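Trainee: Protein chains in written order, with the numbering used here: chain A, 1 to 412; chain B, 1001 to 1260; chain C, 2001 to 2236.
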Amino acid sequence: MSFSRLFFLLTSLFFINTLWATTIVVCETCEIKSIKEAISLAADFDTILIKRGTYREFNLLVNKPLTLKGEGFPTIDGEDKGEIIRVVSDNVTIDGFFIINVGTSYTSDHAAIRMVRCKNFLIQNVVLERLFFGIYIEKSSYGKIYHNKIIGDAKDEYNSGNGIQLWYSNHVEVEKNIVQGVRDGIYLEFSDNIAIKDNSSTNNLRYGLHFMFSNDDIYTNNVFQNNGAGVAVMFSKRIEMRNNTFRENWGTASYGMLLKEINDAEIVDNVFEENTIGINIEGSNRIVYRGNDFRNNGWAIKVLGACYSNTFTQNNFLYNSFDISYNSRLNDNVFDQNYWSDYTGYDLDKNGIGDVPYRPVKLFSYIVNRTPETIVLLRSLFMDIIDFSEKVSPVFTPDNLFDANPLMKRHQ
Amino acid sequence: MLKILKYSFYDLMRSRWSYVYFLFYLALGFVLLFLNSDLSKAVITLMNIIIVLVPLIGTIFGVMYFYNSKEFTELLLAQPIKRSSIFMGQYLGVGFSLTLSLLLGLGIPFVIYGLFRSNAVFDFTLLLVNGAFLTMIFTALSFNIALSNENRIKGFGYAILVWLCLAVIYDGLFLMSLIVFEEYPLDTFSLIATLLNPIDLSRTLILLKLDISALLGYTGAVFKNFFGTDQGLMISLFALMLWTLLPIWRLVFKAKRKDF
Amino acid sequence: MIAITNLKKSFGRNEVLKGLDLEIKPKGIIAILGPNGSGKTTLIKSILGMVIPDEGSISISGKDIKNKWAYRKEIEYLPQIANFPGNLKVRELIHMIKDLHQRPTNDEQLIDLFGLKPFLEKKFSTLSGGTKQKVNILLTFMFDKPLIILDEPTTGLDPRALIHLKELIQYEKANGKTILVTSHIMHFVEEIADEIIYLLDGRIYFKGSVKDLMEKTKQKNVEHAIAAIANNTDHA
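1) Could one say the Cβ of glycine 208 of chain A lies closer than 8 Å to chain B's Cβ atoms, at least one of them?
2) How would you write the range of the beta strand (DSSP E) that glutamate 442 of chain A sits in, first residue to last?
3) Given a cut-off of 8 Å on the beta-carbon distance, is the pair isoleucine 2058 of chain C and isoleucine 2004 of chain C in contact?
4) Please work out which residues of its chain come closer than 6 Å, Cβ to Cβ, to isoleucine 2002 of chain C, disregarding the five sequence neighbours upstream and downstream, and give them in chain order.
5) Could you give the DSSP three-state label for threonine 397 of chain A: helix, strand or coil?
6) Should phenylalanine 1181 of chain B be flagged as near chain C, meaning a C-beta pair shorter than 8 Å?
7) For chain C, find out if any of its Cβ atoms is closer than 8 Å to the Cβ of arginine 1250 of chain B; answer yes or no.
8) Applying the 10 Å Cβ sphere with the 16-neighbour rule, what's the burial state of glutamine 1090 of chain B?
9) For glutamate 1071 of chain B, go through chain C and note every residue whose CB falls closer than 8 Å to its CB, in chain order.
10) To the nearest whole angstrom, what separates the beta carbons of valine 1162 of chain B and threonine 1059 of chain B, a pair I think is in contact under 8 Å?
11) Cα-Cα, which of B:Met1241, B:Val1222 and B:Ala1214 is closest to leucine 1196 of chain B?
12) Taking all protein chains shown into account, do 16 or more other C-beta atoms lie within 10 angstroms of the C-beta of alanine 111 of chain A, making it buried, or fewer, making it exposed?
13) Is the separation between the beta-carbon of valine 223 of chain A and that of serine 254 of chain A shorter than 8 Å?
14) Looking at aspartate 77 of chain A and arginine 52 of chain A, is the spacing between their C-beta atoms short of 8 Å?
15) Would you report the Cα separation of glutamate 2015 of chain C and glycine 2039 of chain C, rounded to the nearest angstrom?
16) How would you label asparagine 333 of chain A, buried or exposed, when you count the other beta carbons within 10 angstroms and need 16 or more for buried?
17) So the candidates are A:Leu68, A:Asn249, A:Arg86 and A:Val87; which of them puts its Cα closest to the Cα of valine 25 of chain A?
18) When the distance is taken between beta carbons, is valine 62 of chain A closer than 8 Å to glycine 134 of chain A?
19) Flag tyrosine 289 of chain A as yes if its beta-carbon sits less than 8 Å from any beta-carbon of chain B, otherwise no.
20) Spatial neighbours of alanine 2227 of chain C within its chain, please: CB distance less than 6 Å, with the 5 preceding and 5 following residues excluded, ordered by chain position.
21) Assuming phenylalanine 1009 of chain B is part of the alpha helix (DSSP H), what are its boundary residues?
22) Taking only beta-carbon atoms, is lysine 1041 of chain B less than 8 Å away from chain A?
23) What is the rounded straight-line gap between the Cα of isoleucine 1086 of chain B and the Cα of methionine 1001 of chain B?
24) Using a cut-off of 7 Å between C-beta atoms, extract the partners of phenylalanine 1174 of chain B located in chain A.
25) Quick check: the stretch 2100-2117 of chain C against the stretch 2142-2150 of chain C, are at least 3 beta-carbon pairs closer than 8 Å?
26) I'd like to know whether the C-beta of methionine 1 of chain A is nearer than 8 Å to at least one C-beta of chain B.
27) Could you check what DSSP says for glutamine 165 of chain A in three-state terms: helix, strand or coil?
28) According to DSSP, is tryptophan 250 of chain A part of a helix, a strand, or is it coil?
29) Going by DSSP in three states, phenylalanine 235 of chain A sits in which element: helix, strand or coil?
30) In or out: glutamate 373 of chain A buried (at least 16 other Cβ within 10 Å) or exposed?
31) Can you tell me which of the three DSSP states asparagine 369 of chain A falls into?
32) Chain A beta carbons: is any one of them nearer than 8 Å to that of asparagine 1048 of chain B?
33) Of the residues A:Lys81, A:Asn316, A:Phe335 and A:Ser89, which one's Cα is nearest the Cα of asparagine 270 of chain A?
34) With distances taken Cα to Cα, identify the nearest neighbour of isoleucine 324 of chain A among A:Thr344, A:Phe294 and A:Gln314.
35) DSSP three-state label for leucine 2147 of chain C, please.
36) Locate the beta strand (DSSP E) running through arginine 29 of chain A, then write down its first and last residues.
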């Protein structure tokens, strides 16, 4: 550690411990009427208390450790002129604002709040409306984005931004946020060790949550509903996905979850309900699928391309139009001890495990992959007959793909 | 006509076959619910059974009744009654009694197992509406066949053949043509082909309810319009009505010109 | 009563009626005879509107019957084979036919006449052939209508019932009814018929009284007379 850094640290500690950090009050009738003015007047570690009112400001630069606190949800109206708050300092807290009218641009990604190279930041209780990008975290770390509400009105992908975006950032917690009506609800690119908890991401144009080249992240207890697709996990490693709900992601290219080039992930105890495709898997290996519920999806799991050494155990497949669909005859994945609502076998020895294996891939799903219009023949007696013959002697579907120990009762 | 309907109906309500049919559905309902007390799942299983079985039973029963009541029909023809009334009365008598057996046979076990406390009420209603339509359609078709064929064996043969065609063979050909012409846009074709078969139609109604997520996976504006909106439900119901009315119309038309 | 002109009907290639003209005057018993396939039943059914003629016209009491049904209110018809819905009880059947006609009846009297009381609560399908025919007769005769058409009325009847039937026919005749009968039992025909119409090959071969028939064929009874006609035509 260089001397100058040590000196800086010591002085900081000194200031915090020995001096009262002052509070600067901003309101429409106060001496200080604008946030910009308050920031320029403030010293490090001061608190700026902004009272209820509307502040028409943009390009606010926070370049020192400050706490910006709103009282009674003051409105910061950017009047569509560009970025609203940019933070370039560590230890900044932004708390309790209503920020509207971020400028839309085709050349730069204007955000309501942008953190650039910050550490130890906290953004909480912020409501964003009429935005382009919401909260944009750039090359920052050790921060928390807590209990914010982002309500966009995105119509087209090309001129809309993401709700919460993390770019080259790490160790950030994203918790209890509500994001809706933007392009991607939460977007992670080159961001590692991120924890995403208890968020709700709904009605977004593209993805509820989107990972690109991000590793060692975890997301739990989130709800993804009615997005273009629930969650897209692409080109990432060691992602942990637990207790999330993926619901009603309907449409042609619509998935509860899209996995593309993902390795060593864990997908545990999630619920996939009424999605066109529960999980769409492309080129993903060594993934553990355990204890998930797939309910009333068009396809519970669709496997495309080469996927190796994945294990599916103790999942419940309930009333999906198709349980598993493969586009090749090869299978290197393990299906064991799942519950399949379509299973018609018996359990004579009463050990809770069906005595005949279950084949989750139907010939019909193979046909539908080939000729999509044939979907209108779903549940036709003719299809049942050919499915049955395929079951007896597999010709088109992988013959080693079966669950040798299908559960008789739902896994709890 | 109402009098004929009344007597045909009374007659059928006392016939052993109505009870067999009724008991069959009763047993089916109870067995399904006993094996799996999940109402929604039982409804799904029933739907698969009903779209195949109801047409079969309607066809056989219709042909059987028509041939068995041939002499009675002749007696009625000599009475001061309009011809169309006689056949409509008999047709409706058979149709209603079959429908009643279906409704009661399935309704009783489901109500006992708590249908009204579950969220499957709508599905179940759809199932019964479908069953009723299929009964009326296939009874009308079978009456047509029986009317056009004096020979009972032939009539039975044709009736079974019609059922087999619509239940299985049609879908086979349908599938084949879809695969053969897969390079062409086929969504309009496949929807029209669906509308042309009453069994496929009621299957579609069921799909709309149960498999909407899968159906929306297909790219195609026509499909999307059909399955994604209420349009599909409306068109299907309308087509089912046409399917009921057309054979009835032909029945009346043919009956007017037929010699006995 | 009935006027038929140029009546033609064919079933497929089989020409059954070949331009038949016939006039039946009110009152009396007219027997329609002829070998199998001569068109007896087709003629009767044409009158009843059960068979639609290809050509020609039929009028009853001066009114054309084509595509009409109300004229049948004036006709009683006894079909060859009585087969009613088997699951209805006899009482319900009677009630039903009465219900269809909405006319006064003398069913009680006829039930007594044919001894049908014990069968009233039985299902029709459980009855014997003769009893079925009795019910059939009952259902035909219980109304009071000017034209009665009987197709093989004697089938399966025991002698006692046959006597009752004859009485019944005579009674109706006395009431001024017109009665058309087909039968193969020549004794029966001889006994009751005032006039005989002999159909052959889709046309009327003979029409006249029983006496005329005897004279024409120089035979002693109807049976032989009919046989003689058949022989003549064979030779011709």
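Just so you know, even glycine gets a beta-carbon here, dropped at the ideal spot from N, CA and C. All figures in this text were calculated on a predicted structure; none of them were measured in a lab.
Mentor: According to the data block:
1) no
2) Any answer about residue 442 of chain A is impossible in this case: the structure gives chain A only from 1 up to 412.
3) yes
4) Ile2024 and Ile2060
5) coil
6) no
7) no
8) buried
9) Pro2079, Ile2081, Ala2082, Asn2083 and Phe2084
10) 7 Å
11) B:Met1241
12) buried
13) no
14) no
15) 9 Å
16) buried
17) A:Leu68
18) no
19) no
20) none
21) 1002-1014
22) yes
23) 6 Å
24) Leu377
25) yes
26) Note that methionine 1 of chain A scores a pLDDT of 47, beneath 50, so its modelled location is shaky and nothing firm can be said.
27) strand
28) coil
29) coil
30) buried
31) helix
32) yes
33) A:Asn316
34) A:Phe294
35) strand
36) Reading off the sequence shown, one finds threonine at residue 29 of chain A, where the question assumed arginine. Counting along the chain, threonine 29 of chain A falls outside any beta strand (DSSP E), and DSSP gives it neither H nor E.
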